[in-house]
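Numbering (the numbering used here), first residue to last: 999 to 1508. A virtual CB, placed ideally from N, CA and C, is assigned to each residue, including glycine. From a predicted model like this one, the values you see are computed outputs, not experimental measurements.
Here you go:
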């Protein structure tokens, strides 16, 4: 953003009207404005925003910025110093070139500069009036790229917009990241994600922005459809992508709205299979919204009972974020995770299992492993709050991507979601699968049972102490030979094939 305005935008008149006037002036000069509302929770719906500000958002001359987005702003304008006292929980991460507070600095207490340093890393400059658009440009505090030049730059780099749905984990986001890492020179992936974990893509060098889904911000579905559509349209107008790749099982209605607004942009639906038998059939009609459907493969695809099996799609090999040669050695992995370099160690990754609940599957597995004298590492997903435990024998880990360190483990006990299933089998970790039977669409039971039927792994629908102990004991003896069989059927990482399709569509191919 050229300018980031921070204020309480609920009240009509006052700062809201002044900000709206400044937004209009900046838009006419080609400047980009972001808004951070500090009057309540970080949503558009806690209280009605003032009409003048709402009109700016509807006209897309300003963009509402929500945490955990990160924004670079040449100038941050604090419209009333008191806003800083309420900004801590609603302020996105901001890289600020300059911070201006509107008011008389001599009348403010010493806490205000401290708050600015904490939030923006800069001390503020006090001014009675905000800088005009011409002032910002003339003083070099904002850089305006003429629209034609901006479009040319975008065309040279062939932007691809990667849009991931929310889901309950990181599967959709990780799959798009896997594709993006295979992007050829001249193709620039840019992420717009509903996942709160989206900052992880920044660690791989990709730009991103966060769009909250309806539930976290308490927005009604109909209004959220409009909100999502506006955010996607704004991103398309700003970035001028050739292609949008959407990964998710449900294609949001807003996608059809945005397609109508931007008919020149091509769309690809990245849609994995293994749906529960007969479920979600109505979604298949939405394939007509897309120029191509991409299906990442599944080691268990011969057993796939879902309705996608007979649907037209470009099918590629099973997709993992990393390739085999990116998985570090056992010694390096154990050192990075801070675990014993010699002791037999198991990975336990069952999602939401409560470590401290004696009745949970996670606790059952931990107790069984300890009786076998196996050290235990339990994953804490990057998308969740870090769980706690008073069990000194449990090592909590939250590395991303964890697949880089899988050689640290002698065995694993895991749910059978798409990512963990393929990473553990491809990278040859002897595994007991305990499929999550409460998923809305992903048929983990069928996936896990297929692996067990092929002799690659063990699977238990309902874990009991005896069955878990027996399965783990067998894996310790025979698991390495079992999982080694997967290499005979593995066609290789399908991420490169997937990006080949995306790049072909970028170049105007079918």
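Look at the alpha carbon of residue 1178 and the alpha carbon of residue 1322, and state the distance between them as a whole number of angstroms.
When the Cα atoms are used, residue 1178 and residue 1322 turn out to be separated by approximately 17 angstroms.
If you draw a straight line from the alpha carbon of residue 1060 to that of residue 1031, how long is it in whole angstroms?
Each residue's alpha carbon lies about 5 angstroms from the other.
Whole runs of the alpha helix (DSSP H) within the stretch 1326 to 1350, excluding any shorter than 4 residues:
DSSP runs (the alpha helix (DSSP H)) wholly in the stretch 1326 to 1350: 1328 to 1335.
Buried versus exposed call for residue 1441 [16 or more other C-beta atoms within 10 Å across all chains shown]:
Label assigned to residue 1441: buried.
Reference residue 1462, options 1359, 1390, 1118, 1445, closest by Cα
Sorting 1359, 1390, 1118, 1445 by C-alpha distance to the C-alpha of residue 1462 places 1359 at the top.
Specify, as a first and last residue, the run of the beta strand (DSSP E) that residue 1159 falls within.
Residues 1157 to 1162.
Report, in whole angstroms, the separation of the C-beta atoms of residue 1362 and residue 1412, which I expect to be a contact under 8 angstroms.
Not confirmed; about 14 angstroms, so no contact.
Through-space distance from residue 1112 to residue 1182, alpha-carbon basis:
The C-alpha of residue 1182 lies about 45 angstroms from the C-alpha of residue 1112.
For residue 1383, which residues from the same chain have a beta carbon less than 6 angstroms from its beta carbon, with the 5 sequence-adjacent residues on both sides left out?
The predicted model places residue 1383 with a pLDDT of 42, which falls under 50 and marks its position as unreliable; any figure quoted below should be read in that light. No residues qualify anywhere along the chain.
Check for me: the beta strand (DSSP E) holding residue 1095 runs from which residue to which?
Counted as a single uninterrupted DSSP element, the beta strand (DSSP E) harbouring residue 1095 occupies residues 1091 to 1100.
Does the distance from the CB of residue 1216 to the CB of residue 1256 come in under 9 angstroms?
Cβ atoms of residue 1216 and residue 1256: not closer than 9 angstroms.
Considering only residues of the same chain and omitting the five flanking positions on each side of residue 1281, which have a CB-CB separation below 8 angstroms?
Within the same chain, residue 1281 has close Cβ partners 1247, 1248, 1249.
Between the C-alpha atoms of residue 1004 and residue 1073, what's the straight-line distance to the nearest angstrom?
CA-CA distance, residue 1004 to residue 1073, rounds to 11 angstroms.
Report yes or no: do the stretch 1294 to 1310 and the stretch 1394 to 1403 share at least 3 C-beta pairs separated by less than 8 angstroms?
Counting Cβ pairs under 8 angstroms, fewer than three are found: no touch.
Roughly how many angstroms separate the alpha carbons of residue 1238 and residue 1157, rounded to a whole number?
In a straight line, the C-alpha of residue 1238 is about 7 angstroms away from that of residue 1157.
Flag residue 1101 as yes if its beta-carbon sits less than 9 angstroms from any beta-carbon of chain D, otherwise no.
Structure shown: chain D not included; a single protein chain is present.
Under the DSSP definition of a beta bridge, which residues are partnered with residue 1429?
Residue pairing by DSSP puts residue 1429 in a beta bridge opposite 1410.
Inter-residue spacing [alpha-carbon to alpha-carbon] between residue 1008 and residue 1048:
Cα to Cα, the separation comes out at about 5 angstroms.
Helix, strand or coil at residue 1491 [DSSP, three-state]
Here DSSP, grouped into helix, strand and coil, assigns residue 1491 to coil.
Helix, strand or coil: how does DSSP classify residue 1485 here?
Of the three classes helix, strand and coil, the one that applies to residue 1485 here is helix, per DSSP.
Identify every residue that forms a DSSP beta bridge with residue 1375.
Per DSSP, 1345, 1393.
Can you tell me whether residue 1339 is buried or exposed? The criterion is at least 16 other CB atoms within 10 Å of its CB, across all chains shown.
With fewer than 16 other Cβ atoms within 10 Å, it is exposed.
Report buried or exposed for residue 1147, applying the criterion of at least 16 other Cβ atoms within 10 angstroms of its Cβ.
Confidence in residue 1147 is poor, its pLDDT being 31 and thus under 50, which makes the residue's placement unreliable; the coordinate value appears in the next sentence. By the neighbour-count rule (16 or more Cβ atoms within 10 Å), residue 1147 is not buried but exposed.
Residue 1395 vs residue 1335 beta-carbon contact at 9 angstroms
Using a Cβ distance threshold of 9 angstroms, residue 1395 and residue 1335 count as a contacting pair.
Which residue marks the beginning of the beta strand (DSSP E) containing residue 1070, and which one marks its end?
1068 to 1076 is the extent of the beta strand (DSSP E) around residue 1070.
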